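Visitor: Before I ask anything, let me first share the structure, which is written out below as structure tokens.
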Amino acid sequence: MDKNKKYSPSTLCVQAGWTPKKGEPRVLPIYQSTTFKYDTSEQMARLFDLEDSGYFYTRLQNPTNDAVAAKIAALEGGVAAMLTSSGQAANFYAIFNICQAGDHFVTSSNIYGGTYNLFGVTLKKLGVECTFVDPNAPEEEIAKAFRPNTKALFGETISNPGCEVLDIEKFARIAHSHGVPLIVDNTFPTPINCRPFEWGADIVTHSTTKYMDGHAVSVGGAVVDSGNFPWDEYAEKFPGLTTPDESYHGLTYTKAFGRNAFITKATAQLMRDLGSIQSPQNAFLLNLGLETLHLRVPRHCENALAVAKWLEANPKVKWVNYSGLPSNKYYELSKKYLPNGSCGVIAFGLEGTREDAIKFMDRLKFIAIVTHVADARTCVLHPASHTHRQLTDEQLREAGVAPDLIRLSVGIEDVADIIADIEQALA
Ligand SMILES: *Cc1c(COP(=O)(O)O)cnc(C)c1O
6 MDKNKKYSPS
16 TLCVQAGWTP
26 KKGEPRVLPI
36 YQSTTFKYDT
46 SEQMARLFDL
56 EDSGYFYTRL
66 QNPTNDAVAA
76 KIAALEGGVA
86 AMLTSSGQAA
96 NFYAIFNICQ
106 AGDHFVTSSN
116 IYGGTYNLFG
126 VTLKKLGVEC
136 TFVDPNAPEE
146 EIAKAFRPNT
156 KALFGETISN
166 PGCEVLDIEK
176 FARIAHSHGV
186 PLIVDNTFPT
196 PINCRPFEWG
206 ADIVTHSTTK
216 YMDGHAVSVG
226 GAVVDSGNFP
236 WDEYAEKFPG
246 LTTPDESYHG
256 LTYTKAFGRN
266 AFITKATAQL
276 MRDLGSIQSP
286 QNAFLLNLGL
296 ETLHLRVPRH
306 CENALAVAKW
316 LEANPKVKWV
326 NYSGLPSNKY
336 YELSKKYLPN
346 GSCGVIAFGL
356 EGTREDAIKF
366 MDRLKFIAIV
376 THVADARTCV
386 LHPASHTHRQ
396 LTDEQLREAG
406 VAPDLIRLSV
416 GIEDVADIIA
426 DIEQALA
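Numbered by this note's numbering, the letters in the sequence shown go through residues 6 to 432 in order.
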């Protein structure tokens with residue numbers, strides 16, 4: 006591809022990342038190798054000092070993974086990206102790359118249950134505290150959560166499973182007025198439907214397990230950097246990026262790597278020490294998913310909107326949350342940030358008891374009950390009984406999860422068949 010040309014997302018899905026040279030494989034190869042060969046000891050030593058870039062051990066970097074990360078960076082409009090073993094690892098790395106024991110960050114409370122637990126419980130054990138805020142609260146209310154040791158603001162573009170839409174510009178304003186980056190988990194819309202950097206976000210994370218892979222075959226994650234956050238302007242807040250790293254002979258990331266500082270540090274320190282790599286085999290499968298992302302995402306959205314409209318008109322359905330519905334409280338935000346559609350995930354509740362919801366799910370025929378969302382096959386889940394069962398009712402409400410919430414992930418089958426399956430189960 007021509008480095009100076011701006012390609013559309015559809016072209017990037019197919020072409021970005023792997024550009025073979027003369028005689029090389031047309032298709033991205035799987036570099037199934039832990040190690041890489043050099044001719045002299047000196048060449049290898051320079052890699053260990055970060056003085057040359059190159060591969061030496063797959064725990065740090067692998068060419069297959071790097072090609073797929075480069076495709077995701079291009080799709081998001083970022084300067085650099087890294088793949089991780091899961092979405093959980095991606096969010097952990099994004100926070101832990103700038104927060105250490107004694108630090109604090111602020112996060113929307115409308116986030117994925119696993120992230121909620123990571124932030125509220127596990128990071129706390131490492132000495133990193135967070136404050137959960139209602140993302141729909143006024144700016145001055147959210148600003149009250151910031152402290153002198155606050156290092157980041159976090160939110161999800163579309164929350165899982167609540168399907169609430171984040172006002173990214175509002176969040177970016179709050180973060181930047183406090184001299185910290187905005188980190189956005191963009192898993193549900195994917196860069197096909199929303200590119201948070203265009204609205205002021207600084208770091209984007211993904212669970213690539215969802216639409217990016219799209220076929221439910223490999224767990225993975227990604228961290229992408231816009232390269233825009235001015236770390237050196239707030240040098241005292243981010244010493245890990247702006248002061249010498251003794252483990253690399255006193256190299257300073259912002260000085261040595263400029264706009265690539267964030268991802269280079271996350272690779273050189275966190276991947277080196279924690280090792281949450283994606284296997285090259287999974288990265289290869291992820292790349293196959295990405296090659297059709299621009300075709301699948303619009304179909305998921307088209308099907309989901311039709312199902313959401315059908316559910317809304319059904320008297321057995323108490324409520325439907327899908328931001329593409331004109332009646333939805335997030336419709337205006339959705340039109341602004343997600344003009345081409347939001348995603349395939351719908352949250353809804355049935356008239357009747359919790360048991361009725363469970364009965365409905367058990368009667369579905371090809372729509373399966375699975376702990377997954379956002380793949381080609383339509384599936385359903387009751388978060389209060391499944392993914393979020395460790396949360397109290399109060400935490401459930403904070404996370405935007407009503408006890409009767411059914412999460413329906415609409416696939417890319419024929420929508421008439423999807424609706425027919427729901428109809429017979431409701432009957
Ligand atoms: C699934 C998900 C995660 C966690 O990703 P894994 O790949 O399952 O570790 C994080 N954020 C969001 C929004 C998710 O949907």
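Heads up, the beta-carbon is just placed ideally off N, CA and C, and yes, glycines get one too.
Here the structure is a predicted model, which means the values were calculated and not measured.
Which stretch, first to last residue, makes up the alpha helix (DSSP H) that contains K341?
Guide: The residue given as residue 341 occupies position 336 in the sequence shown. From DSSP, the alpha helix (DSSP H) with K341 extends over Y336 to Y342.
Visitor: In its own chain, which residues sit with a C-beta less than 6 Å from the C-beta of P408, not counting the 5 before and 5 after it?
Guide: As a position in the sequence shown, residue 408 is number 403, starting the count at 1. Around P408: A389.
Visitor: Is any non-hydrogen atom of ligand 1 found closer than 7 Å to the C-beta of T459, if you look at the structure I gave you?
Guide: It is not possible to answer for residue 459, since the shown part of the chain is limited to 6 through 432.
Visitor: In the DSSP assignment, what are the bridge partners of E134?
Guide: Within the sequence shown, numbered from 1, the residue matching residue 134 stands at position 129. Under DSSP, E134 takes part in a beta bridge, and its partners are H109.
Visitor: Let me confirm a value: Q48 is counted as buried when at least 16 other C-beta atoms fall within 10 Å, else exposed. Which label applies?
Guide: The residue given as residue 48 occupies position 43 in the sequence shown. Around the beta-carbon of Q48, fewer than 16 other beta-carbon atoms lie within 10 Å, marking it exposed.
Visitor: When DSSP labels each residue in this structure, what does D190 get in the three-state scheme?
Guide: For the purposes of this step, residue 190 is taken as the residue at position 185 of the sequence shown. DSSP places D190 in strand when its eight states are reduced to three.
Visitor: May I ask you to check if the CB of G232 is nearer than 7 Å to at least one heavy atom of ligand 1?
Guide: Here residue 232 refers to the residue found at position 227 of the sequence shown. No - ligand 1 has no heavy atom lying nearer than 7 Å to the Cβ of G232.
Visitor: Name the DSSP bridge partner or partners of I374?
Guide: Walking along the sequence shown from the start, residue 374 turns up at place 369. Answer by DSSP bridge pairing, in chain order: V385.
Visitor: With distances taken Cα to Cα, identify the nearest neighbour of D190 among N308, S91, K341 and A309.
Guide: For the purposes of this step, residue 190 is taken as the residue at position 185 of the sequence shown. That would be S91, whose Cα lies nearest to the Cα of D190.
Visitor: Can you find the residues in the same chain that come closer than 7 Å, C-beta to C-beta, to V420, ignoring five residues on each side of it along the sequence?
Guide: Within the sequence shown, the letter at position 415 stands for residue 420. Around V420: N308, A311 and V312.
Visitor: Please determine whether the Cβ atom of E81 lies at a distance below 7 Å from any heavy atom of ligand 1.
Guide: As a working note, residue 81 is residue 76 in the sequence shown. Result no, Cβ not under 7 Å from ligand 1.
Visitor: Closer than 7 Å by C-beta to I179: which residues in its own chain qualify, once you throw out the five before and the five after it? Chain order, please.
Guide: Locating residue 179 in the sequence shown gives position 174, counting from the first residue. Excluding residues within five positions, the ones whose Cβ falls inside 7 Å are E144, I147, A148 and L158.
Visitor: How is the beta strand (DSSP E) around K156 delimited, first residue to last?
Guide: Walking along the sequence shown from the start, residue 156 turns up at place 151. Unbroken beta strand (DSSP E) run through K156: T155 to E161.
Visitor: I believe N292 touches K76 by the beta-carbon criterion, under 8 Å. Please report the beta-carbon distance rounded to the nearest angstrom.
Guide: Here residue 292 refers to the residue found at position 287 of the sequence shown. Here residue 76 refers to the residue found at position 71 of the sequence shown. About 7 Å; that satisfies the 8 Å criterion.
Visitor: Helix, strand or coil for W324 per DSSP?
Guide: Position 319 of the sequence shown, counted from the start, is the residue given in the question as residue 324. Correct three-state label for W324: strand.
Visitor: Any heavy atom of ligand 1 closer than 7 Å to the Cβ of S287?
Guide: Looking up residue 287 in the sequence shown gives position 282. Ser is not the amino acid found at residue 287; the sequence shown has Asn there. In this structure, N287 has its beta carbon at no less than 7 Å from each heavy atom of ligand 1.
Visitor: Do R301 and G232 have their C-beta atoms within less than 8 Å of each other?
Guide: Numbered from its first residue, the sequence shown carries residue 301 at position 296. Numbered from its first residue, the sequence shown carries residue 232 at position 227. Contact flag unset, no.
Visitor: Please determine if the segment 57-76 and the segment 272-291 are in contact, where contact requires at least 3 C-beta pairs separated by less than 8 Å.
Guide: yes
Visitor: Under 7 Å: does the beta carbon of E238 sit that close to some heavy atom of ligand 1?
Guide: Reading the sequence shown from its first residue, position 233 is the one you call residue 238. Checking every heavy atom of ligand 1 against the Cβ of E238, none is found closer than 7 Å.
Visitor: Look at the Cβ atom of P196, then the Cβ atom of P14, and state whether they are nearer than 8 Å.
Guide: Indexing the sequence shown from 1 puts residue 196 at position 191. Indexing the sequence shown from 1 puts residue 14 at position 9. Taking 8 Å as the Cβ cut-off, P196 and P14 qualify as a contacting pair.
Visitor: Buried or exposed: which applies to A379, given that a residue is buried once 16 or more other Cβ atoms fall within 10 Å of its Cβ?
Guide: As a position in the sequence shown, residue 379 is number 374, starting the count at 1. By the 10 Å Cβ count, A379 comes out buried.
Visitor: Whole angstroms are fine: how far does the CA of T127 sit from the CA of R152?
Guide: Stepping through the sequence shown from its first residue, residue 152 is reached at position 147. Stepping through the sequence shown from its first residue, residue 127 is reached at position 122. Those two C-alpha atoms are separated by around 21 Å.
Visitor: Kindly indicate which three-state DSSP category I116 falls into: helix, strand or coil?
Guide: Within the sequence shown, residue 116 is the residue found at index 111, counting from 1. The answer is coil: DSSP assigns I116 none of H, G, I, E or B.
Visitor: For ligand 1, is there a heavy atom less than 7 Å away from the beta-carbon of T120?
Guide: By one-based count along the sequence shown, residue 120 stands at place 115. Checking the Cβ of T120 against ligand 1 gives yes.
Visitor: Give the single residue among E169, W236 and Y121 whose Cα lies nearest to the Cα of N96.
Guide: Here residue 96 refers to the residue found at position 91 of the sequence shown. Per the Cα distances, Y121.
Visitor: Just how far apart, CA to CA, sit V187 and Y36?
Guide: The residue you call residue 187 lines up with position 182 of the sequence shown. The residue you call residue 36 lines up with position 31 of the sequence shown. The sequence shown places Leu at residue 187, rather than the Val named in the question. Between the C-alpha atoms of L187 and Y36 there is a straight-line separation of about 34 Å.
Visitor: According to the Cβ coordinates, are C449 and I363 closer than 8 Å?
Guide: Absent from the structure is residue 449, since the part of the chain shown begins at 6 and ends at 432.
Visitor: Are V185 and T155 touching if we call contact CB-CB under 8 Å?
Guide: As a first step, residue 185 must be located in the sequence shown, where it is residue number 180. As a first step, residue 155 must be located in the sequence shown, where it is residue number 150. The answer is yes: Cβ separation under 8 Å.
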